[in-house]
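> 112 is the number of the first residue of the sequence shown in our numbering; add one for each residue after it.
Just passing along the structure, written as structure tokens.
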Amino acid sequence: GLAQQTSANAGVAGVAAALVLRTEIDGGMTLADAASRVGATVSYTLDPFDTRFYLEAQPPQFATLLRGLVKAIGAPDVRDFAAVRSAALTSAANDGASPAIAALDMLRQVTYSGTGYAFPDGGRQVSLSKLTVSNVSLFASQYHLGPGTTVALEGAVDDAVLGAVRSAFGAI
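Encoded structure:
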């Protein structure tokens, strides 16, 4: 989450989460591509204390995609680091060009000075440009939690879905 970021690595949470979605899970296919192929979706949001991943899939594909998500969270593939960081830099530059967003960022920096909330969710150009694969790997390993992980389910949850969740998260 955002609280774990510092001034020097603002943006690391978003880059790490984007790399989770680009991690190969099965047969050379990324998690995002595998989900899309079967009509499912996988995404994330950055919250103050958490990075929340969302998986929406039909029951027949849910277990496979959930195992892939757990694998990817546990070991994000950093091979696309340059492309992900480049996209984050472009987004930060575009946000900086908007007077409204720039004003909000300044207000946020003053209001939350000294915390991870002081920086834009996607990071700042200065910190993103210095971000390394090592920074992302360290962040992912430090904040990958097993005990205490919350899994929220909604929709057509049956015993098979609950079993898939227990099985997938039992590994972490």
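Cβ coordinates follow ideal geometry from the N, Cα and C atoms, glycine included.
Leaving aside the five residues before and after residue 132 along the sequence, list all residues of the same chain whose C-beta is less than 8 Å from its C-beta, in chain order.
Same-chain partners within the cutoff: 141, 142, 143, 153, 154, 155, 183.
> Label residue 136 either buried or exposed according to how many other C-beta atoms from any shown protein chain fall within 10 Å of its C-beta, with 16 as the threshold for buried.
Buried.
> Where does the unbroken alpha helix (DSSP H) through residue 209 begin, and where does it stop?
Careful: residue 209 lies outside any alpha helix (DSSP H) and carries neither H nor E.
> How is residue 254 classed by DSSP in three states: helix, strand or coil?
Residue 254: coil per DSSP, three-state reduction.
> Exposed or buried, residue 111, counting other C-beta atoms within 10 Å across all chains shown (16 or more means buried)?
In the structure as shown, the chain begins at 112 and stops at 283. Residue 111 is therefore absent and cannot be evaluated.
> Quick check on the DSSP output: the alpha helix (DSSP H) that includes residue 270 runs from which residue to which?
Taken as a continuous stretch (DSSP letters only), the alpha helix (DSSP H) holding residue 270 covers 270-280.
> On the criterion of 16 or more Cβ atoms from any shown chain inside 10 Å, does residue 180 qualify as buried, or is it exposed?
Under this definition residue 180 is a buried residue.
> Let me check one thing: in DSSP terms, what residues is residue 140 bridge-paired to?
According to DSSP, which records beta bridges pairwise, residue 140 is partnered with 137.
> Can you tell me which residues form a DSSP beta bridge with residue 153?
In the DSSP output, where bridge partners are listed per residue, residue 153 has 166.
> So residue 239 and residue 122 are in contact, right, with Cβ under 8 Å, and what is the actual spacing, rounded?
Their Cβ separation, rounded to whole angstroms, is 4 Å, which keeps residue 239 and residue 122 in contact under 8 Å.
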